Amino acid sequence: MRLSSLRYVLALTLVVAVVLATGLVTAQQSTAPPTWKQGQPKEMESSTLSPVAQPPAPKAAGEIPIDKIKVPQGFKVELWASGINNARVMTWGDKGTLFVSSRVAGNVYAVVDKGGSREVKTIAKGLNLPNGVAFKDGTLYIAEIHRITKMEGIEGKLDSPPEMKVVYDTLPKDAPHGWKYLAFGPDGKLYFNIGAPCNICIPPDTHANISRVNPDGTGFEYWAHGVRNSVGFDWHPVTKELYFTTHARDWLGEDVPSDRLDVAAKKGLHFGYPYCHQGDIPDPEFGKGRSCGEFAAPLLKTGPHVAGNGVEFYTGSMFPAEYKNRIFLAQRGSWNRSQKIGFRVMMVTLRQGDVPKYEPFAEGWLQGDQIWGRPVYTRQMKDGSLLISDDYAGAIYRVSYGR
Amino acid sequence: MDELDAAGVARRANRGVNGGAVQPPHCSIKKVVRILRRATTTCRIRLLLPLLIATLIITSAALAADAEAGRRKAAACVACHGPDGNSTNPAVPTLAGQVGTYLHWQLLLYRDKRRVDAQMAPIAAALSETDMADLAAFFAAQRPTPPPEPTVAAGSDAGRRLAESYHCNDCHGRDFGGREYAPRLRGLSREYVVAQMRGFKARTRGDLDGAMTQAAQPVADADIEPLADFIGSMR
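Protein chains in written order, with the numbering used here: chain A, 808 to 1210; chain B, 2 to 236.
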């Protein structure tokens, strides 16, 4: 009798242990939600907001309502090129070829200006989110998630592109915020971002930064820290300081946190992520025990969820004199906000001892609640006009002034 | 023709129209035919050109995604994917009712060798962008019929819990019916789901933006079959 009850107790203990262990295992199995949904608070669980899907095909020229784009008086907008699936970053070759990147389409294009029309050639395909393209001394540099490569002498070989030689591939392979902007700094180094692999998390030391490397792949170093995801930057034509946009975290509300425009005037600054957003909002989870005062404050709050991508200082002579050294900010537009915002090109006028002036330059891709395009980057032409790429419609627009 | 000549022709053409003495609002096909019969050749062109242009615009817009054209082009597809894309071969996915943008992107992935499959590669390589849009539109518009053989639903409850813990619904929708950026899972066979999941986990299954490759990494090998049991059992 005593023996059997001991057996009973033992068996019961075993059962309880197994149940507990199973429970633990089950609990461990609960993994993180997809990146876009990560950080969503319980009370927003029923939200229907989710990222905008990228169309698989560009819009036909006749389907692009170019007259909907509004620009200041005296400026004119035209459709410069179309049929470029997922067109993103634009960079000029020495001989006048416009190289255009894409993101999920996996392509890099060369656009050849034939006077009245443009010819689009796909020079690389099947790449790993090749958002970054930069050109120097006859060579095109391409940044995918996991590597930076180069095509030497590409402009003379558009129909049989040279092999892609690896420049640098000691890079994280995470897909979320892993696509890169790539640009040559005034120091001749290649700058690019390594974004946070999440919406909001304590990122590994290797992530959430802007980095740089020599064009031969040596001398890698971090330039700026605490940058969630910057996919656009440029250097001030006079001060040579680095200006960059950052997409702020999602699911904190309709109107917060603001995206930002920042200056990383020297190496090693920390811009707050994930502890502090927009310079003055501590993160509800990761901000505990930290202070926003520890971090570099934004130069400009550009608005919640606007998704600022392209940053470009205007250095041309076609636009009126006051446009000199103004910054064009291309904003791809929101998804994590019930009232859509962004979908426009803004301009920023820097003012000595005062906050920058911030106003629209081109808008109209958002009509009511409907979008027909998403401006992502700008690039000046030799004549001082401004190209705007649209990754949603797969098009490039040209804004000119006067003549 | 120089500008002056063109203006002259236009003036004559205007006289031609006015000479017809028929003006809206009372317009009928008969009257239009009568105008056209009386009009000069140039006038006929002027009258018909807008119609012609409108037709061309409508046709080219339709070319962007024409489900009926897709039906005509789908012969090679339905040979494996079944009538209207309702597959009876568990190794081949059902396309009927699948998300159109997803189907179109998959064809692009096959063409660009980002998704690798010996049978699909040559098929996708032979398709134009318009073909892809048409085929995607056609299969997306077809009614999915549930797979014929009822799958054993024994593992379904465990599978349902796994699907929740791995957040499958977040992208694939509450009812697994898919969203613009994620495929419909309802109606896919257990065998196909197992193959895809293993591929994503091994990083060998092509992926548009890496989202599913990332989502598959924490999925335990032992969980793949129960998950597929559940997904394959959905009607």
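Virtual Cβ for every residue (Gly too), placed ideally from N, Cα, C.
Here the structure is a predicted model, which is why all the values come from computation and not from measurement.
Member of the options whose CA lies at the smallest distance from the CA of residue i
i         : options                                       : result
B/Val117  : B/Gly207, B/Pro219 and B/Ala221               : B/Gly207
A/Ala1104 : A/Val1034, A/Pro1091 and A/Arg1144            : A/Val1034
A/Gly900  : A/Arg1133, A/Lys1189 and A/Ser854             : A/Lys1189
A/Asp944  : A/Gln1138, A/Ala1055, A/Gly903 and A/Gln1174  : A/Gly903
A/Gly1175 : A/Lys1147, A/Tyr1184, A/Gly1086 and A/Arg1151 : A/Lys1147
A/Ala788  : A/Val859, A/Ser853, A/Trp887 and A/Glu850     : Absent from the structure is residue 788 of chain A, since the part of chain A shown begins at 808 and ends at 1210.
A/Ala1072 : A/Val1183, A/Val1045, A/Ser1098 and A/Glu951  : A/Val1045
A/Ile1009 : A/Phe1093, A/Ile1203, A/Pro840 and A/Ala1031  : A/Phe1093
A/Ala917  : A/Gly881, A/His953, A/Gly869 and A/Ala941     : A/Ala941
B/Asp171  : A/Gly1100, A/Leu1076 and A/Thr855             : A/Thr855
B/Glu192  : B/Ile232, B/Met121, B/Lys114 and B/Ala122     : B/Ile232
A/Tyr948  : A/Ala894, A/Ala990 and A/Ala1015              : A/Ala990
B/Leu104  : B/Ala142, B/Ala76 and B/Ala127                : B/Ala142
A/Gly1024 : A/Ala1015, A/Thr977, A/His984 and A/Arg1151   : A/Thr977
A/Val1206 : A/Lys877, A/Val1162, A/Gln861 and A/Pro865    : A/Lys877
A/Glu1129 : A/Thr1156, A/Leu1059, A/Gly1039 and A/Glu885  : A/Thr1156
Status (buried if at least 16 other CB within 10 Å, exposed otherwise) for residue i
i         : result
B/Gln218  : exposed
A/Glu1211 : Coverage of chain A is limited to positions 808 through 1210, which leaves residue 1211 of chain A absent and any answer about it impossible.
A/Asp1041 : buried
A/Ser1037 : buried
B/Asn90   : exposed
A/Val1159 : Note on identity: in this sequence residue 1159 of chain A is Gln, with Val being the wrong assignment. A/Gln1159 comes out exposed.
B/Gln120  : exposed
B/Pro145  : buried
A/Thr842  : buried
A/Glu951  : buried
A/Val1162 : exposed
B/Arg73   : exposed
A/Lys987  : buried
A/Thr1122 : exposed
B/Arg236  : exposed
Which of helix, strand or coil DSSP assigns to residue i
i         : result
A/Lys844  : helix
B/Asp171  : helix
A/Ala950  : strand
A/Gln1177 : strand
B/Pro145  : coil
A/Val1063 : coil
A/Glu1170 : strand
B/Met235  : coil
A/Pro858  : coil
A/His1077 : strand
B/Glu69   : helix
A/Gln1138 : strand
A/Pro1182 : strand
A/His1054 : coil
A/Phe999  : strand
A/Leu1068 : strand
CB contact below 9 Å: residue i versus chain A
i        : result
B/Asp208 : yes
B/His82  : no
B/Arg115 : yes
B/Cys172 : yes
B/Leu189 : no
B/Gly211 : yes
B/Tyr193 : no
B/Pro219 : yes
B/Glu69  : no
B/Glu226 : no
B/Gln215 : yes
B/Ser166 : yes
B/Thr89  : no
B/Arg199 : no
B/Arg185 : no
B/Val137 : With the sequence shown as reference, residue 137 of chain B is identified as Ala, and Val is not the correct amino acid for it. Yes, B/Ala137 lies at the interface with chain A (some Cβ there is under 9 Å from its Cβ).
B/Met1   : Beyond the ends of chain B as shown, which are 2 and 236, falls residue 1 of chain B; an answer cannot be given.
Cutoff 9 Å: residue i Cβ touching any chain B Cβ
i         : result
A/Ala912  : yes
A/Gln861  : yes
A/Ile952  : yes
A/Pro841  : yes
A/Pro983  : yes
A/Thr956  : no
A/Leu856  : no
A/Gly1149 : no
A/Thr1013 : no
Exercise for the section: Note down, one range per segment and in chain order, each alpha helix (DSSP H) of at least 4 residues found wholly within the region 894–973 of chain A. Expected result: For the region 894–973 of chain A, not a single whole alpha helix (DSSP H) run of length 4 or above is found.
Problem - Runs of beta strand (DSSP E) wholly within the region 1083–1165 of chain A (minimum 3 residues, chain order) - result: Correct list: 1107–1111, 1115–1120, 1134–1138 and 1151–1158.
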